[in-house]
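Here full-length UniProt numbering is used: position 47 in the sequence shown is 47, and no number is missing along the way.
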Amino acid sequence: MADDSAESVSSCPSTDEHVEPGTVPTWFQQGRYAFARDGSKKKPIELDESDLRERFIRGSGPGGQAINKLSTNVELTHLPTGTRITCQATRSRAQNREIARRQMSQRLEWLIKKAWAPSSTKSTSRALAPSVVQSKWDKERKKKQNKRKKQKRRAHQEEAPSTPSS
């Protein structure tokens, strides 16, 4: 299970180039990239492995010796854009590699959609975010709303003491 705190994402400012909607950036055209034919939300872009640099780093955080002695933390860098993703969601190197590639695919899709947006907008719209990430945000927002409603209900019940009927 992927933990949001286990991932780190950064990108360089060279990815802010504006391209016409419906076209793709030059790095996409020059590499062996393809949009998923099945419309996959988890892995929307098939990655070109020659444009990726992969490093394995010693784990950190809670878990003691099981985490600290193994190099299961995966750092994946997309060379044309400088986008870097690290993943330490599980204790398995193979699973972390797969999760990192999935996150990289989603991030590159987001960069392409961001490039399609008009350059006058400073903030990125939620409509540009990858659908999987957006659904996670929506789910978290809904949980928080429900929690607030529940707290209000409890506070209201505690304020109004039950009065005996006459």
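Ideal Cβ positions, reconstructed from N, Cα and C, are used throughout, including at glycine.
DSSP state of residue i mapped onto helix, strand, coil
{"i": "Thr83", "result": "strand"}
{"i": "Ala36", "result": "coil"}
{"i": "Thr23", "result": "coil"}
{"i": "Leu47", "result": "coil"}
{"i": "Arg141", "result": "helix"}
{"i": "Arg148", "result": "helix"}
{"i": "Lys114", "result": "helix"}
{"i": "Lys41", "result": "coil"}
{"i": "Ser120", "result": "Residue confidence for Ser120 is low, a pLDDT of 49 falling below 50, so the modelled location carries little weight and cannot support an answer."}
Extent of the continuous beta strand (DSSP E) run through residue i
{"i": "Arg55", "result": "52-57"}
Cβ pair residue i, residue j closer than 7 Å
{"i": "Trp27", "j": "Pro80", "result": "yes"}
{"i": "Ser105", "j": "Leu47", "result": "yes"}
{"i": "Lys42", "j": "Arg102", "result": "yes"}
{"i": "Asn73", "j": "Ile57", "result": "yes"}
{"i": "Gly64", "j": "Gln88", "result": "no"}
Integer Cβ distance of residue i from residue j, believed to fall under 8 Å
{"i": "Glu54", "j": "Leu76", "result": "6 Å"}
{"i": "Pro44", "j": "Glu109", "result": "4 Å"}
{"i": "Thr90", "j": "Arg107", "result": "Not really, about 19 Å apart at Cβ, beyond 8 Å."}
Sheet register partners of residue i (DSSP bridge)
{"i": "Glu98", "result": "Answer is none; Glu98 lacks a bridge partner."}
{"i": "Asn73", "result": "Ile57"}
{"i": "Ser78", "result": "In the sequence as presented, Ser is not what sits at residue 78; that position holds His. According to DSSP, which records beta bridges pairwise, His78 is partnered with Leu52, Thr83."}
Endpoints, alpha helix (DSSP H) assigned at residue i
{"i": "Ala160", "result": "First-last for Ala160: undefined, no H or E at that position."}
{"i": "Gln88", "result": "First-last for Gln88: undefined, no H or E at that position."}
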